[in-house]
Amino acid sequence: MSAAPLLRQVFGFDGFRPGQEEIVTAVAEGQNVLAIMPTGGGKSLCYQLPALMRDGLTVVISPLIALMRDQVRALTEAGVAAAALTSGNTEDENAEVWRALSARELRLLYMAPERLASGATIPMLRRAGVQAIAVDEAHCVSQWGHDFRPDYLRVGELRAALGVPLAAFTATADAETRDEIVARLFGGDQPRVFLRGFDRPNIHLAFQPKDGPRAQILNFAQARRGQSGIVYCGTRAKTETLAGALNDSGLPSVAYHGGMEAEARRAVETRFQREDGLIVTATVAFGMGIDKPDIRWVAHADLPKSIEAYYQEIGRGGRDGAPAETLTLYGSDDVRLRRGQIDEGLAPPERKSADHARLNALLGLAEAATCRRVALLGYFGETAAPCGNCDICDNPPETFDGTEAAQKVLSAVLRTGQSYGAGHIIDVLTGNSTDRIRQRGHDQLPTFGVGRDIPKGQWQAIIRQMLGRDLLRPDPERHGGLAITAAAHAVLRGEERVTLRRDLISKARPAVVVRT
Ligand code: ADP
Ligand code: ZN
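With full-length UniProt numbering as the guide, the letters of the sequence shown map in order to residues 1 to 516.
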């Protein structure tokens, strides 16, 4: 099976994280790979997904029993045949793993390196038809590092004995460690090394609230006449109408979506590859496998699903390293649509809550008060300095210290038991004595009316920015009632300040309505 449907169906992700796609492709092709990715960057997916793309078994060497157990549990829940051989297993558990191995039922087998010391292990793995080896925390093979695990030295023997490709992963990037990993795990064969930070500095980042969205897109495209670009749209119908509107204003455009015949889609792909200055208006179906280095701009006519999807889609621009422009529009309709899609989906509550958090992260990026690249890379675990290549760096918005306002919101959320939507919280803050407020006795709370001085629309804008900063999260277990996050405690205690954007508040444009 190919990567994209597995990514969605098994892992529930709607896009690759930075760097993942290239690594997945190389590992799935059976290349020897050394990948250096920041912690939290999503290394596991880079061997789990290829393991499902090919037949047979992948052995994963990992030093951490708790982590192995977590991963096996998550994979099993997702319907993947996975198991672990660790010192924590009972006899019965081990017997079951051995049985499943000889029946060739497993796709992923996690194993602590100590296991390799037993003479029975390698012959057993050979009989089990291992197709590939993945090594997590590969720096443990390095004597220079503080995590040296002598048993990791046996991984090289394992590879030699099985004669299968090996993919090694680590977050430790210094050159000595890298050389040692190559020497000890790959036995002198030079693996393909992926050492890429997440940043794509040539891509200019920009967001705008929807305000006559069709004209916003037409103007953006008009200013880039003659350049190849993609406009991502939220619906199939919009790809058609936008292509029409662009063509009408003399910009050659063609629509692309999953509802089209395969042949028609291929025709668009080929035309886009060959023709200069063509615009494709597309749903997310367009992009995987498009290998055009000189896409000069990417616009989003609608807000993407998540920060990962956003990164992946804008990342299609400027692969040649030359400047590329992006513009992402967002509005209340998008947020309602995306929230609805998450809530109505069949995913378990934890995943829904993670999906809401990913959407919040994107909203936070949309309404960022400081450099967007710093926020984007920060989400992926990388630190950066203000980039000078985003609309915020170009034109810093006016900000103000919103700590006190944020504290009022948080305390209203806490005092009402973290079970209400933004509308009710704003009623409490502004002292709006509705039936519901009186029935719940919320007019008796000390926070009742403490925010009378600020109009309702501005409270909405404040709460929206707080959602974006991940100070508040909708809790799917309580029908989307707002709950406070760990980060919010520091704000409540006055240890962290909250900087808010004034332009998004003073206009109180209902650009993005928080869920009520
Ligand atoms: P690492 O091992 O690199 O520290 P993990 O593999 O544990 O990172 O992944 C970190 C987090 O990122 C996990 O919660 C994982 O579910 C999430 N993640 C990984 N890949 C993706 C993706 N493509 N889209 C969304 N979330 C992802
Ligand atoms: Zn910037």
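Virtual Cβ for every residue (Gly too), placed ideally from N, Cα, C.
Tell me the rounded alpha-carbon separation between Arg478 and Leu362. 22 Å
Any chance the CB of Pro386 is under 7 Å from a heavy atom of the ligand ZN? yes
Confirm, please, whether the CB-CB distance from Leu471 to Glu450 is below 8 Å. It is worth fixing the name first, because residue 450 is Val in this sequence and not Glu. Cβ atoms of Val450 and Leu471: not closer than 8 Å.
Buried or exposed: where does Asp427 fall if 16 or more other Cβ atoms within 10 Å of its Cβ makes it buried? buried
Would you mind reading off the limits of the beta strand (DSSP E) that contains Asp475? 472-475
In angstroms, rounded to a whole number, what distance separates the CA positions of Lys352 and Gly340? 11 Å
Below 7 Å, is the gap between the Cβ of Asn360 and the nearest heavy atom of the ligand MG? Annotation note on the ligand MG: not contained in the displayed structure, which lists the ligand ADP and the ligand ZN as its ligands.
Buried/exposed call for Gly318, threshold 16 Cβ in 10 Å: buried
I believe Thr328 touches Thr283 by the beta-carbon criterion, under 8 Å. Please report the beta-carbon distance rounded to the nearest angstrom. So it is not a contact: roughly 15 Å between Cβ atoms.
Use the C-beta contact count for Met1: other C-beta atoms within 10 angstroms, 16 or more gives buried, fewer gives exposed. exposed
Give me the Cβ distance between Asn32 and Pro213, rounded to the nearest whole Å; I'm assuming they're in contact under 8 Å. Going by Cβ atoms, the distance from Asn32 to Pro213 rounds to 47 Å, so no, they are not a contact pair.
Can you give me the C-alpha to C-alpha distance between Ser433 and Ala488, rounded to a whole angstrom? 27 Å
Would you tell me roughly how many angstroms separate the C-alpha atoms of residue 517 and Lys43, rounded to the nearest one? Shown here, the chain extends from 1 to 516; a query on residue 517 therefore has no answer.
Does the Cβ of Asn389 lie closer than 7 Å to at least one heavy atom of the ligand ZN? yes
Quick check on Arg436: buried or exposed, where buried means 16 or more other Cβ atoms within 10 Å of its Cβ? exposed
CB-CB length for Leu162 against Val130, believed under 8 Å: 5 Å
DSSP three-state call for Ile217: helix, strand or coil? helix
Comparing the CB of Ser44 with every heavy atom of the ligand ADP, is any distance shorter than 7 Å? yes
State yes or no: is the C-beta of Ile23 nearer than 7 Å to some heavy atom of the ligand ZN? no
By Cβ distance, which residues of its chain are closer than 6 Å to Ile65, with the 5 residues on each side in sequence left out? Thr86, Gly88
For the stretch 136-166, list the alpha helix (DSSP H) runs that are entirely contained and at least 4 residues long, ordered along the chain. 153-162
Identify the residues that DSSP records as bridge partners of His204: which are they? Glu325
Please report whether the beta-carbon of Ile426 lies at a distance below 8 Å from any beta-carbon of chain C. In the displayed structure, chain C is absent; only one protein chain is listed.
State the Cα-Cα distance for the pair Thr416 and Arg338, rounded to the nearest angstrom. 26 Å
Cβ-heavy atom distance between Ile307 and the ligand ZN below 7 Å? no
Alpha helix (DSSP H) runs wholly inside the stretch 208-280, at least 4 long, in chain order: 213-222, 236-248, 262-274
Separation of Leu500 from Thr430, as counted between CA atoms: 20 Å
Cα separation between Leu445 and Gln439? 13 Å
According to DSSP, simplified to helix, strand and coil, what is Met37? coil
If you drop the 5 nearest sequence neighbours on each side, which residues of the same chain put their C-beta closer than 6 Å to that of Pro323? Asn202
For Tyr420, which three-state DSSP category applies? coil
Is Cys371 close to the ligand ZN? I mean its beta-carbon at under 7 Å from any heavy atom of the ligand. yes
Closer than 7 Å: is that where the CB of Gln20 sits relative to any heavy atom of the ligand ADP? yes
Nearest by alpha-carbon distance to Val27: which of Phe13, Val280, Arg316, Cys46 is it? Cys46
Does Asp401 come out as helix, strand or coil in the three-state DSSP assignment? strand
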